[in-house]
Each structure stands twice: as C-alpha cells, then as structure tokens.
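Quick notes on the structure that follows.
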Amino acid sequence: MKRLIAIVLALTLIGLAACTNKTTPPDTLSSTPESEIPNVVKTTAPLESEETTLPTMPATETFSFESKEVGLKFEFPVSWKDKMETVEDFNRLLVFPPSQDYGVPEKKVNLSVCYFDNPWLYGDSFEKMTSEEYLDKILYLEKDKGEKIIEKSPLKMMGKDALMFSYSDIDSEGKETIYRSYFIDDEKGRCYKVSFPVEHEGWEGLKTFAVEAQRAVESMNLLILTDSRPVTFEDKDMGFAFEYPENWHAYKRADDSWRITPPMRTYDFPYFMGGLSLSYTPPGQYGNSFEEINWPPILESITKLPDLQIELSKIGNAQALILHTVQQAQGYSATFVWTRILIDAGEGGFYLFGYNTEKDNQAYEPFLAEVEKIVQSFRMTNH
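So the mapping is simple: my numbering equals the position in the sequence shown, first residue as 1, plus 33.
So this is what it looks like as structure tokens:
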C-alpha cells in the first residue's frame, strides 16, 4: 500500500511538468502529466557543431501576443490572428495555426513552448538538461523505432545560451516527422523548449508554416510583469470570485478546473511547484452535506492523499477544512507538504484549493503568504 501511495504521489508531481509528452499533442493539455524550420537535411556527421547565429527570416506583417503562463512575448503572422487556437496550461503554451492555410490535418501542427524547471528530474544546470541522457527523456525518443537527434548546434537567443537541434518522431503508422527545437538557458536548470514540425511526407504546406514559426521564434522576448495590485477573478457561471495579484495568471482549464500561477522567476524554488489549483464538485458525489464528507476515508478519496491531518476552519462565511499530508514522492529526494483546502458549497458540494510545497524550505514562505491572501479572498457569489 505504501509503495502504491508513493507511486501516486510521484505521478502527481511528474504531471505538473508535463512537457515531456510526445510532440503531437491532444486538443487540450493534460495535467497528468506532463509535452518541432525548413529544409533540415539528415546527416551522419557529428551532432555537435560550431556556435551558430539564429537565422533571420524576411520581415512580414505581424501582431503581438503575450503569454503569462510561459512569460514570453511573440510576434505572430497577421494571417494567424483571429484564426489560431492557443492553450496555456501547466508551464506550457501551444499555438495551433489555421490548418486550412497550410493544407495539414487539424490540430496536427503547432508551435510548442514549454518551461522546464524540475531539478529532481532534469538536473540543475543547462549542461545537464541538454546532455544526451536528459534530452532522450525530454524528447521521449523511442530509439528502437529509429527516432533520433539529427543535428544540434549552440547559439544565443534572447541574450541567453541556447541549443538548436532537429530530431525525428515516428508515428504509429511508421511515418516520420522532423522537428526543429530550441533549448534556451534560464539559469539554475531552468530552460525554455520551443519546438515545431519542419518536414512530414505529404504535408507540402508545412514548409510555409515552418518559415512563419521561425519568424515567431526570432521575435521572442521575456514578458516582465511587475504590477502586483490585487484584481478580481470571477466565474459567473460557477458563482465564485477571488482576488489575486495582477501579474499572476488565473485561468479556467479544459477539465473545468482553475489554476493560478505566479510570474516566472518570482520565487527561488522550481516553478512547477508554484501553482495553486481550484476545482468544484457538485452535491451528491461524495455526500449530501458537509458533515457527510468530513470523514477521513471520504476526504482521502476526494484528495487522493493518505494520512491527512484535518483542521476545521472558515473561509469567509463558509465552513472549510484545511487538509495536510507530508510525503516523500518516489524518485524525489525532497519531502513535500501537500495541502488541500475544502470549502463547503452546500448540500455536499464543495470547492477544493490545492498546492504543494517542499518541507522546511523557507523559499516557499513568500509564495504561501500570497496563497493565503488568495484563499481568504474566495467567496461564493450565488449564495
């Protein structure tokens, strides 16, 4: 049983760093976990090459786009405006261009931007993260199928050390896609990975997309947000609101939960640990009253966490339960405090905040102070 619990906890943590998935993503990003320019020529020459400069593509008319989730600004082609789809979730941005413009299958082509900041899984330096051992994990290369890194070379991007490389991905039908990817050092083992497809048999329009994606990559700049004044996030359909700092990112996810994250580089701990989740469960799923669900076996079923410490509290006028457990996840050297705050919504329905911190690590204290303000500001607007 203890081994099963450890596995569940490890998978939960790994899920927060979901950018290691295959590069052809689903329509939406999963929280379980956890992840790409023209005329790339395959070669048998050594992979490493001299430092190069980022190729410059011809200018074109663009519009500006900002992503709070990955902390970057872009210039995208005007032809994408009002037609592209974006997904921002769990340290990742996916940009789906209008597929009909390139004659490619729907949702099969995208520009993917991930932010890696997990020293437990990928090392604490750019050199470690971009070593063959970790690249294979990050790219999820299946070498027995022939997937491999084709070429790579160092360069500078956004004034930072970077690595540009191409690699192959082979789908279930045996068809190969060549991707171009950039790893950009953000210090202390933190790293951006920007990827897009370059070549796929039968997708002639992909070459045009690759040129435009390259322009977007060249345009990238850091998005620095400093205004931390409180603003209101309200979901009128679900009937709740809360305050959060304006430079944080609060959004609804595809699974009808919500997530609130601080700006990157705000705190001195891994970025994926800095998120605050919120979900709603309607009446009757676990019970028909607050008293019915306030029972350890039910609470463990709700939170999927063992050995809970339970504290009765109030958030505004609502009854609440503060739930903690301390566990070491499998594969991690650190011990984590898992916190869930259950807020009574009446007749057995409830809201559930969740966040995780590293035990006895003072770097989390400023983050916890902001979390406390967000949670205490929560209120139901339809009661």
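Virtual Cβ for every residue (Gly too), placed ideally from N, Cα, C.
Keep in mind it's a predicted model, so treat the numbers as computed, not measured.
Practice prompt. Look at the Cβ atom of residue 364, then the Cβ atom of residue 373, and state whether they are nearer than 7 Å.
Written response: No, these two residues do not count as a Cβ contact at 7 Å.
Worksheet item: For residue 411, which beta-bridge partners are listed by DSSP?
Response: For residue 411, which the question treats as bridged, DSSP gives no partner whatsoever.
Worksheet item: Measuring CA to CA, which of 369, 378, 375 is closest to residue 153?
Response: 369
Discussion item. Buried or exposed for residue 281, going by 16 or more other Cβ atoms inside 10 Å?
Written reply: buried
Discussion item. So if DSSP puts residue 236 in a beta bridge, which residue, or which two residues, is it bridged to?
Written reply: DSSP, once it has assigned bridges, lists no residue as partnering residue 236.
Discussion item. According to DSSP, is residue 176 part of a helix, a strand, or is it coil?
Written reply: DSSP places residue 176 in helix when its eight states are reduced to three.
Item to complete: Grab the span of the beta strand (DSSP E) containing residue 358 for me, first residue to last.
Response: 351-360
Fill in: Residue ranges of each alpha helix (DSSP H) within the region 215-292, 4 or longer
239-252
Item to complete: Give every residue of the same chain whose Cβ lies closer than 7 Å to the Cβ of residue 203, excluding the five residues on either side of it in the sequence, and list them in chain order.
Response: Scanning its chain for C-beta atoms nearer than 7 Å, with the 5 sequence neighbours on each side dropped, one finds around residue 203 the residues 178, 179, 180, 209, in chain order.
Discussion item. Measuring straight from C-alpha to C-alpha, what distance separates residue 205 and residue 175?
Written reply: Using only the alpha carbons, I get a separation of about 12 Å.
Worksheet item: When the Cα of residue 141 is compared with those of 288, 242, 395, which residue comes out closest?
Response: 242
Worksheet item: Among the residues of its own chain, which have a CB less than 6 Å from the CB of residue 157, if the five just before and after it don't count?
Response: 222
Practice prompt. Check each candidate in 349, 402, 213, 235 and name the one with the smallest Cα separation from residue 300.
Written response: 402
Worksheet entry | Status (buried if at least 16 other CB within 10 Å, exposed otherwise) for residue 277 | Residue 277 comes out buried.
Fill in: Collapsed DSSP secondary structure at residue 402 in the structure displayed
helix
Worksheet item: Can you tell me whether DSSP reads residue 106 as helix, strand or coil?
Response: strand
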